[in-house]
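The block underneath contains the structure these notes are about, expressed in structure tokens.
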Amino acid sequence: DSLLGLRVGIPQVAQLEFFGDLAASERFADAVASISSLGASIVAIDFAPCTRIGDLLYGGPWVAERAAAVGDFIRKQPDACLPLIRDIVTAADRYTAADAFRGRYVLDSLRPQAEDTFRQVDVLLLPTTPTNFRIRDDAGDGRTFNDRLGTYTRFLNLLGYPALCVPAGFKPDGQPFGVSLVAQ
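Heads up, the sequence shown is in my numbering, so the first residue is 7 and it goes up one at a time.
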């Protein structure tokens with residue numbers, strides 16, 4: 007089948023981050039080449055607005071929504087969830103209503119930039135995760151690993167964009183690699 011005429015957006019090369027995982031970078035390049043070989047046009051897009059939007063998810067007042075949903079439970083039973091989840095949810099206590107509005111203003115200012123991307127492309131092709139981590143890699147810094155795993159997908163939550171994650175091969179160490187197709 008042909009994908010002739012389909013415009014597929016990928017982050018600019020300088021914006022691709024695999025945290026040292028050369029095999030993941032190669033699998034992504036293979037996925038781009040595969041979709042291109044089916045007739046799709048590859049368009050390098052500015053992924054910076056998406057990154058900034060994604061940073062708001064756990065680094066902004068949106069964690070207050072999680073606290074509203076499960077914060078009382080976590081405060082009463084702090085050992086009932088992973089420490090990383092507990093720390094993220096309880097950190098919401100530092101945000102005020104004014105912070106929520108400020109965060110919303112930032113999101114509203116970035117949203118048009120992300121939406122402009124879809125004037126250039128029909129779909130985005132992104133790594134689902136930039137690398138794979140094992141529990142032993144965490145070394146007590148789960149937040150960093152959590153943020154890294156969501157490098158290419160966190161922005162979707164705040165924009166409400168759908169994504170389809172599909173397998174895209176295996177790395178030499180046997181670990182899987184996947185890509186996400188994102189629509190507006």
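The beta-carbon is built from N, C-alpha and C at its ideal position, and this holds for glycine as well.
Quick one: is residue i buried, meaning 16 or more other Cβ sit within 10 Å of its Cβ, or exposed?
i    : result
A120 : buried
S186 : buried
V69  : buried
F176 : exposed
P136 : buried
L44  : exposed
P133 : buried
P55  : buried
I94  : buried
Using DSSP with H/G/I as helix, E/B as strand and the rest coil, what is residue i?
i    : result
R13  : strand
P133 : strand
L22  : coil
A189 : coil
Q44  : Checking the displayed sequence, the identity of residue 44 turns out to be Leu instead of Gln. Coil at L44, not helix or strand.
P118 : helix
F139 : coil
V38  : helix
T123 : helix
D153 : helix
S31  : helix
G166 : coil
R55  : Residue identity check: residue 55 is Pro in the sequence provided, not Arg. P55 falls in the helix class under three-state DSSP.
Can you pull the DSSP bridge partners for residue i?
i    : result
A50  : I16
V184 : According to the sequence shown, residue 184 is Gly rather than Val. Paired residues: P173.
Alpha helix (DSSP H) runs contained entirely in the stretch 62 to 114, provided each spans 4 or more residues: 69 to 82 and 89 to 96
Any 3 or more C-beta pairs closer than 8 Å across the stretch 127 to 134 and the stretch 103 to 119: no
Any 3 or more C-beta pairs closer than 8 Å across the stretch 73 to 83 and the stretch 45 to 63: no
Contact the stretch 7 to 19 vs the stretch 32 to 45: 3+ CB pairs below 8 Å: yes
At least three beta-carbon pairs within less than 8 Å, the stretch 150 to 163 to the stretch 60 to 68: yes
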